[in-house]
Amino acid sequence: MDRPVTAALRLTPDALPPLRGDLQLRPAAAQADGSPAWVIQDPVTNQFYRIGWLEFELLSRWHWRQPERVLQHTAAETLLAPTKEELEALCQFLQQHHLLEQRTPGHFKVLHNQHQRSRMSRFKWALHHYLFFRLPLFEPAAFLRVLLPWLSWVYRPATGWLVLATGAVGLLLTSRQWDSFTSAFAQSLSWEGALYYLLAMAVAKSVHELGHALTATRYGVRVAHMGVAFLVMWPMLYTDTTESWRLSRRRQRLAIASAGVIGELALAGAATLAWNLVADGPLRDALFFLATTAWIVSLTINLSPFMRFDGYFVLSDAVDLPNLHERASAVARASIRRGLLGLKEPDPEPFAAPMRRFLVIFAWITWIYRLVVFVGIAVAVYLFFFKVLGILLFLVEIWWFIMRPVIRETQHWFAERKAVTGTRRWVLGGSAMAIVVLGVAPWQEQVKADGWALPEQFHVFHSPLPAQVLTLPESGKRFAAGETVLHLDQPELGYRGARAAAVVGASQDALRGLQAQQADLERVPLARSEVALRLQELQAELTERDRLVLNAPFAGTLVDLDPELMPGTWVSPKQPLASLVGESGWIVEAFVQQADVERLSGNSEATFYPVHQPQSAIKGTVIEIARTRTSQLPNAMLAAAHGGPIPIQNSSQDQELSPRDALYRVKIRVNGNGLRAPTTGTVKIKGKPRSLIGNWLKPMLIVLLREFSF
Numbered sequence: 000m001d002r003p004v005t006a007a008l009r010l011t012p013d014a015l016p017p018l019r020g021d022l023q024l025r026p027a028a029a030q031a032d033g034s035p036a037w038v039i040q041d042p043v044t045n046q047f048y049r050i051g052w053l054e055f056e057l058l059s060r061w062h063w064r065q066p067e068r069v070l071q072h073t074a075a076e077t078l079l080a081p082t083k084e085e086l087e088a089l090c091q092f093l094q095q096h097h098l099l100e101q102r103t104p105g106h107f108k109v110l111h112n113q114h115q116r117s118r119m120s121r122f123k124w125a126l127h128h129y130l131f132f133r134l135p136l137f138e139p140a141a142f143l144r145v146l147l148p149w150l151s152w153v154y155r156p157a158t159g160w161l162v163l164a165t166g167a168v169g170l171l172l173t174s175r176q177w178d179s180f181t182s183a184f185a186q187s188l189s190w191e192g193a194l195y196y197l198l199a200m201a202v203a204k205s206v207h208e209l210g211h212a213l214t215a216t217r218y219g220v221r222v223a224h225m226g227v228a229f230l231v232m233w234p235m236l237y238t239d240t241t242e243s244w245r246l247s248r249r250r251q252r253l254a255i256a257s258a259g260v261i262g263e264l265a266l267a268g269a270a271t272l273a274w275n276l277v278a279d280g281p282l283r284d285a286l287f288f289l290a291t292t293a294w295i296v297s298l299t300i301n302l303s304p305f306m307r308f309d310g311y312f313v314l315s316d317a318v319d320l321p322n323l324h325e326r327a328s329a330v331a332r333a334s335i336r337r338g339l340l341g342l343k344e345p346d347p348e349p350f351a352a353p354m355r356r357f358l359v360i361f362a363w364i365t366w367i368y369r370l371v372v373f374v375g376i377a378v379a380v381y382l383f384f385f386k387v388l389g390i391l392l393f394l395v396e397i398w399w400f401i402m403r404p405v406i407r408e409t410q411h412w413f414a415e416r417k418a419v420t421g422t423r424r425w426v427l428g429g430s431a432m433a434i435v436v437l438g439v440a441p442w443q444e445q446v447k448a449d450g451w452a453l454p455e456q457f458h459v460f461h462s463p464l465p466a467q468v469l470t471l472p473e474s475g476k477r478f479a480a481g482e483t484v485l486h487l488d489q490p491e492l493g494y495r496g497a498r499a500a501a502v503v504g505a506s507q508d509a510l511r512g513l514q515a516q517q518a519d520l521e522r523v524p525l526a527r528s529e530v531a532l533r534l535q536e537l538q539a540e541l542t543e544r545d546r547l548v549l550n551a552p553f554a555g556t557l558v559d560l561d562p563e564l565m566p567g568t569w570v571s572p573k574q575p576l577a578s579l580v581g582e583s584g585w586i587v588e589a590f591v592q593q594a595d596v597e598r599l600s601g602n603s604e605a606t607f608y609p610v611h612q613p614q615s616a617i618k619g620t621v622i623e624i625a626r627t628r629t630s631q632l633p634n635a636m637l638a639a640a641h642g643g644p645i646p647i648q649n650s651s652q653d654q655e656l657s658p659r660d661a662l663y664r665v666k667i668r669v670n671g672n673g674l675r676a677p678t679t680g681t682v683k684i685k686g687k688p689r690s691l692i693g694n695w696l697k698p699m700l701i702v703l704l705r706e707f708s709f
């Protein structure tokens, strides 16, 4: 039985308040220890309260109305020996949940005081209903009773085996064309695809909720209503199957709780198989969206027991622990208080050692899971709304879901501080002081950054325009400065050059003819201008052809020659053909976050760790620090879209490689022994010391200042 936090009415020696006449008492599944249990149903609020053997026996003799007689008859007629405190706790529980019928002035005064304490301000009311509220749409009980006989075949064993076979065959066929499936998924990640996913989710969730409703109706549980629930403004269909707690058989409650996921997985399996069988077209695309939505939502959301979705209720029924989250959290908090503070605080409920360990571990996983989920929700809320409201709702989410529970527990620790022993106080105080010192003291010197190592003289050869390869060098060959490395050609340039040479010859012949004729001397200057113009055109064509002869800008060794190149191959200007590595040493270009640039100075010590050789530490010295942020990465191997470490704004290969964050380029001269080709890696640079708090606080302040600048 749930215990009230605060007392309501004290027992009087003459009479107990009567129970409400409309309450319903039904047998429930036995407790974990084998003792019987019952459920009290409040038909007004449609709430269910589970009670044990002691509470049932006391309520069975409540008609005596006098506390002493209720206790005497219970002790005489059963094996129980109830106390006055236990009867008083039961009375307080009943009154707290308004299960008693009293019309005395004192009772109404208590109810009025409770109502005043429970009233929320308009802000709190809006906050509570913004986070979660339900919108009932219709009462489906009559419709479900008509529909159930038509779908009775769904619950036959043969149907279950057919569903399993369909899903297995669909997954097997999909694994054989996995490339097509992943390619279709990548193409679906667009605004149009998001709309189709929403439509597919509506279909999948309709099947999901219909599974709950039909199964509940099959076991005689009334489905009060169906509708839409809004979790942080995100709409979700829901089915009210609260009355399933009336069922005494745990297997039936498990069937109702898991029916939605089973129906959704059956839909996913059928859609997956159909996707493999139908031809390309709109139908196949629709089946793809339906299959992926049903699989992802069922496996990642509905089956998770760490939020109050189907997986939570299935687990609660499986271990027979209603209110599993609250009870596990209470046990975990008591464990923390005993282990950390040394408080002699008993568990809120007696559990066997294995169950207690399970509840503590489950509570910790739930806390971590919810921390990640709620931070993600807060960020999503900030992004979905306009700036002012987004910032406000972000702070509300962080306060309500994360800071508020932590502060509440900290207040309890502070209230119980006198019960902490002296030795433990010294240990806890010393630990807290050490954490503060570690957080405040400026001991962090290293600045971490991503970067790449490359020769100080490094050149990548590209064709200046679309052309054909005439001659190919050997990879690893050494070239002197100015020596020809690659010779390209474009037939059109040869045609245009020959044509320009012919035009020049004709213009010169015309000029000589005019000079020989004394009568046309006035046309000679115009002919000379024509000859000069044609010579310029010829020189431009020759210069363009000369650009296709790629010479070494410095002495070095040729590396990374494209293995697909051969004489006669056409190449594009964006295609890297080969690289030339100079002989003057190696440098590392590190890309440092904006908050860490001011900590660096010239000649600072640095260490580079290549990505393929993380144990190899290559020492170096800072030689240059950029004063403007990097607008574009110098090489695609640095971009996350190409397997590199730095996220970019647009992952399309046709776009510029603009970093997502504000990064500043820092050049480091290193000892290149062991390096043979450019490679990415991690850089650690010695900078001005900074505390952990300063390391976290400054980036946060930068973000806040940026976001609050309207």
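Just so we're aligned, residue 0 is where the sequence shown starts under numbering that gives the first Met the number 0, counting upward by one. For every residue, glycine included, the Cβ atom is placed at its ideal position computed from N, Cα and C. Bear in mind that the values here come from a model prediction, so they are computed numbers and not experimental data.
Candidates the options, of which the one nearest residue i by Cα
i    : options                : result
R49  : P66, A74, Q23          : Q23
L213 : E191, V227, A258       : A258
R355 : G338, E87, A327, L340  : A327
G475 : G581, R60, T82         : G581
V548 : D488, Q40, V596        : D488
H62  : L15, D21, F553, P572   : L15
L209 : L143, W695, A223, V220 : L143
T173 : R19, T291, L485        : T291
A333 : V222, V359, F400       : V359
Counterpart residues of residue i in DSSP-defined beta bridges
i    : result
H770 : The requested residue 770 is not part of the displayed model; the chain covers only 0 to 709.
R49  : V38
W569 : Q467
P609 : G680
Y237 : G226
A589 : G450, V665
K476 : None, per the DSSP bridge assignment.
H486 : T470, V548
A638 : I645
beta-carbon residue i near the ligand MG non-hydrogen atom, thresh 7 Å
i    : result
V621 : Only the bare structure without any ligand can be found here, which leaves the ligand MG out of the picture.
CA-to-CA distance, residue j to residue i, given in whole angstroms
i    : j    : result
S462 : V570 : 7 Å
A414 : R336 : 12 Å
L340 : N670 : 53 Å
L599 : I586 : 17 Å
L471 : S603 : 43 Å
L57  : L70  : 7 Å
H207 : P454 : 60 Å
A551 : F478 : 7 Å
Q652 : A185 : Here Q652 scores only 46 on pLDDT, less than 50, and its place in the model should not be relied on; the value that follows carries that caveat. About 15 Å.
P562 : R544 : 25 Å
E263 : I364 : 26 Å
S247 : S59  : 19 Å
S650 : P633 : Here the model assigns S650 a pLDDT of 48, short of 50, so the residue's position is not dependable and the matter cannot be decided.
A605 : E588 : 11 Å
T158 : L198 : 27 Å
S615 : L674 : 10 Å
L147 : S205 : 16 Å
T620 : V665 : 10 Å
A80  : Q46  : 29 Å
Bounding residues of the beta strand (DSSP E) (the contiguous stretch that carries residue i)
i    : result
V621 : 617-624
K343 : From DSSP, K343 is part of no beta strand (DSSP E); its letter is neither H nor E.
G555 : 555-558
R668 : 662-669
D319 : Here D319 belongs to no beta strand (DSSP E), and DSSP marks it neither H nor E.
A27  : 23-27
Terminal residues of the alpha helix (DSSP H) in which residue i lies
i    : result
G428 : 421-439
I401 : Careful: I401 lies outside any alpha helix (DSSP H) and carries neither H nor E.
T181 : 177-186
N275 : 249-276
R144 : 140-146
H207 : 190-217
K83  : 83-95
H72  : 66-76
Expected contact under 8 Å - CB spacing of residue i and residue j to nearest Å
i    : j    : result
Q456 : K683 : Between K683 and Q456 the Cβ distance is about 25 Å, and since that is not below 8 Å, they are no contact.
D319 : A28  : 7 Å
L276 : A203 : With 8 Å as the limit, L276 and A203 do not qualify as a contact, their Cβ atoms being about 20 Å apart.
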